[in-house]
Amino acid sequence: MKYTLRNIWKGVKYYFNLLSDREDERQVVEQVSAGVVFRGTNLWILMFAILIASLGLNVNSPAVIIGAMLISPLMGPIIGMGLSVGIGDYDLLKRALKNYGVATLISVVTATLYFLISPLSEARSELLARTSPTLYDVLIAFCGGAAGVLALTTKSKGQVIPGVAIATALMPPLCTAGYGLATAQWNYFLGAFYLFFINTVFIALSTFLGVKLMRFHTNPSLSPERMQYGRRVITIILVITLIPAAIMTVSIVQKNIFERNVTAFVERELPHAGTQIVDRRVVHDTLRVVAVGRIISEAELADARSRMAYYGLKGVALEMIQGTGAELATRYNSEIAASEGRVALLAQQLEAYTRYDTLTAHVASEATVLFPGVVSVAVGRVGGETVALVQLAPSDEEQPRTDPEQLQQWLRVRTQEENLRLVLE
1133 MKYTLRNIWK
1143 GVKYYFNLLS
1153 DREDERQVVE
1163 QVSAGVVFRG
1173 TNLWILMFAI
1183 LIASLGLNVN
1193 SPAVIIGAML
1203 ISPLMGPIIG
1213 MGLSVGIGDY
1223 DLLKRALKNY
1233 GVATLISVVT
1243 ATLYFLISPL
1253 SEARSELLAR
1263 TSPTLYDVLI
1273 AFCGGAAGVL
1283 ALTTKSKGQV
1293 IPGVAIATAL
1303 MPPLCTAGYG
1313 LATAQWNYFL
1323 GAFYLFFINT
1333 VFIALSTFLG
1343 VKLMRFHTNP
1353 SLSPERMQYG
1363 RRVITIILVI
1373 TLIPAAIMTV
1383 SIVQKNIFER
1393 NVTAFVEREL
1403 PHAGTQIVDR
1413 RVVHDTLRVV
1423 AVGRIISEAE
1433 LADARSRMAY
1443 YGLKGVALEM
1453 IQGTGAELAT
1463 RYNSEIAASE
1473 GRVALLAQQL
1483 EAYTRYDTLT
1493 AHVASEATVL
1503 FPGVVSVAVG
1513 RVGGETVALV
1523 QLAPSDEEQP
1533 RTDPEQLQQW
1543 LRVRTQEENL
1553 RLVLE
């Protein structure tokens, strides 16, 4: 038994051993260091890649977006950050961080300028897909980065690097962030930039772990305290990055579970013999189901409502809209007509209130001419009736007194309000 297990373990080590295929360490470090720098050709390629990705997002073309990801040189500084932390080369880390910041800034500015001048401003599905990152994006970034660093540090590279560039998708989030800035939609900018940050952190993390796995030599001048401090900083960054993604993932999972429960409840608990469910949706904690054909009785509905808690729908009300096709059409038409009537009534009420603003200005200017004792007039609705508030000047023997009855009569005719009430000050 022990001999068999020993043979199995030898076989596993033989097939999964990475060290036998390891690339020369110095060559890997030189290659990564060269890819960190962003200037000249690299910078122009980055800008063109951003423009191509922005065009792909604008016209909703996955093929164009994939092409932009294949030519993007953005992976260089990110891998440089992970490698530098893994081997303790802080000069390389500083250069990687500097070039990463420059590349990110230029990418966002380029995408923003493109979307400012683009005549197509609608957010399409490819763009919206980059605005709500979850833990699944974390896993994609980590696994993609792990594949990339293994390809970089071993001799059998194959076609891994292009696949990593497509899988981790660094370009589209930056372009989406530019779209958010250009259209002042900050939720798009924050969501997309957070996705880019997730990709950055976990590609760098997988590079760091890959370097440790491949047993690259660490800077001998690095003290244990400095290494401990570096690990602590990495842990804090990882936790801060994971928390929002975890919250979004929980929200999405809960929503999917809720929708699945709704579907299961409708399919299993509402009788279908002679009844066709044509629509179901949840609006403000109410499950509204539209059905045609055989009418589901109140007793059957009551029984179905009693089972909603078993499907995780406690607190959700069930509303059935059912009948023949013609009956439903008539009902919907009547509901639409009623809604239109309510809108028209509200519009009339709003007009009735706002007309007094204009009316007051005209009545006040006329009243001060016709009735010299009048100082000001304000007309409005108070408690369901029309009221005119009139301020009179102090009594003066040389000036004729204003007759309240005459003033009230004139106001009623002028405002076309027979029941207008006069209030004097």
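Letter by letter, the sequence shown follows residues 1133 to 1557 in the working numbering. All residues carry an ideal CB built from backbone N, CA and C; glycine is no exception.
- According to the DSSP assignment, G1342 belongs to no beta strand (DSSP E) but to the alpha helix (DSSP H) extending over 1318 to 1345.
- Here L1552 is near Q1540, since their CB atoms are less than 9 Å apart.
- For G1512, the three-state secondary structure derived from DSSP is strand.
- D1269 is classed as buried because its beta carbon has at least 16 other beta carbons within 10 Å across all chains shown.
- Scanning the stretch 1157 to 1181 from its first residue to its last, the whole alpha helix (DSSP H) runs of 4-plus residues come out as 1157 to 1168.
- Assigned with DSSP and collapsed to three states, E1254 falls in coil, not helix or strand.
- Here DSSP, grouped into helix, strand and coil, assigns I1428 to coil.
- Secondary structure note for R1358: it is in no beta strand (DSSP E), and the uninterrupted alpha helix (DSSP H) holding it is 1356 to 1401.
- With a contact defined as Cβ atoms closer than 8 Å, L1554 and L1543 qualify at about 7 Å.
- For V1495 against V1507, the beta-carbon gap comes to about 13 Å, at or over 8 Å, which does not count as contact.
- Put simply, the backbone Cα of V1522 is about 16 Å away from that of T1490.
- Your pair L1370 and F1328 does not check out as a contact, with CB atoms roughly 16 Å apart and the cut at 8 Å.
- Counting along the chain, no alpha helix (DSSP H) covers D1411; the unbroken beta strand (DSSP E) around it starts and ends at 1407 to 1414.
- In the DSSP assignment, R1227 falls outside any beta strand (DSSP E) and within the unbroken alpha helix (DSSP H) covering 1222 to 1249.
- One thing to note: G1444 has its Cβ within 9 Å of the Cβ of N1393.
- DSSP places T1285 in the uninterrupted alpha helix (DSSP H) bounded by 1267 to 1285.
- Under the three-state reduction of DSSP output, Q1523 falls in the strand class.
- When only Cα atoms are considered, N1331 and A1449 end up about 42 Å apart.
- The beta carbons of L1225 and V1217 sit about 6 Å from each other, so the pair counts as a contact at 8 Å.
- Per DSSP, reduced to three states, the secondary structure at T1308 is helical.
- With a contact defined as Cβ atoms closer than 8 Å, A1423 and Q1408 qualify at about 6 Å.
- When L1229, A1195, M1440, P1194 are compared, the shortest CA-CA separation from L1206 is found for L1229.
- Pairing P1305 with I1197 gives a Cβ-Cβ distance that is not under 9 Å.
- The three-state secondary structure of E1537, taken from DSSP, is helix.
- Here L1556 carries a strand assignment [DSSP, helix/strand/coil].
- For A1309, same chain residues with a beta-carbon under 6 Å away, outside a window of 5 residues either side, are V1240, F1321, A1324, F1325 in chain order.
- Relative to the Cα of V1414, the nearest Cα in the group S1338, V1382, M1452, G1312 belongs to M1452.
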